[in-house]
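Numbering (UniProt numbering), first residue to last: 1 to 171.
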């Protein structure tokens, strides 16, 4: 399926009102109405299908007028449910390890998306003293990377300022 930026997506691209990670923003720019989802995924931006589905759900991307399969995109947003009918005996075991990790119901990806802007703001406020730390934060690509970097951020900005980051990562 071929996706294109919606009017809301064009506005978000200009004013950055929706926080997108650098990888998401790069992939978001690639959706020009000419490239298919598979082409964008294969372009090496480092994002997954779930992130594209989330941008569709947020109304930032939509199918091109001539593109028919608009319904499968929201259906794939819950990937663990899709394979369940195909392999009923093996599917219940696979989703269970992924579900207990986020007790609040937020996925690791969502926690990363919530914590990333906080981490960049905290390290960016350090000025030149925090320049390298800010580069490390911007280099993170996953929840695990950001969790591993959290102690350094906490040490640099103090526990009080880092409380918001801790809540975003663990809440």
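Heads up, the beta-carbon is just placed ideally off N, CA and C, and yes, glycines get one too.
Buried or exposed, going by whether 16 or more other CB atoms sit within 10 Å of the CB of residue i?
i, result
"residue 31", "buried"
"residue 168", "buried"
"residue 55", "buried"
"residue 99", "Any answer about residue 99 is weak, because its pLDDT of 37 lies below 50 and its placement is not dependable; what the coordinates show is given next. Classification of residue 99: exposed, given that the 10 Å Cβ count is below 16."
"residue 139", "exposed"
"residue 133", "buried"
"residue 105", "exposed"
"residue 127", "exposed"
"residue 148", "exposed"
"residue 150", "buried"
Quick one: what's got a C-beta closer than 7 Å to residue i's C-beta in the same chain, skipping five residues either side?
i, result
"residue 118", "164, 165, 168"
"residue 37", "1, 3, 52"
"residue 8", "59, 60"
"residue 14", "none"
Tell me which residues share the same chain as residue i and place their Cβ nearer than 8 Å to its Cβ, disregarding the 5 neighbours each side in the sequence.
i, result
"residue 6", "59, 60, 61, 62"
"residue 18", "12, 58, 60"
"residue 172", "Residue 172 lies beyond the stretch modelled for the chain, which goes from 1 to 171, so this question has no answer here."
"residue 152", "133, 136"
"residue 161", "122"
"residue 154", "162, 165, 166"
"residue 120", "134, 137, 138"
"residue 124", "130, 134"
Give every residue of the same chain whose Cβ lies closer than 6 Å to the Cβ of residue i, excluding the five residues on either side of it in the sequence, and list them in chain order.
i, result
"residue 157", "122"
"residue 159", "none"
"residue 64", "2, 4, 33"
According to DSSP, what are the bridge partners of residue i?
i, result
"residue 2", "36"
"residue 133", "Bridge partners of residue 133: none, in fact."
"residue 63", "3"
Is any heavy atom of the ligand MG found at a distance shorter than 7 Å from the C-beta of residue i?
i, result
"residue 142", "Of ligands this structure carries none, so the ligand MG is not represented either."
Identify every run of the beta strand (DSSP E) within the region 4–36, keeping only runs that are complete inside it and at least 3 residues long; order them along the chain.
-> Those beta strand (DSSP E) runs which fall completely within the region 4–36 and span 3+ residues are 32–36.
Is the region 22–30 close to the region 41–53, with three or more CB pairs under 8 Å?
-> Touching, per the Cβ criterion.
Does the region 144–158 touch the region 111–127, meaning 3 or more C-beta pairs lie closer than 8 Å?
-> yes
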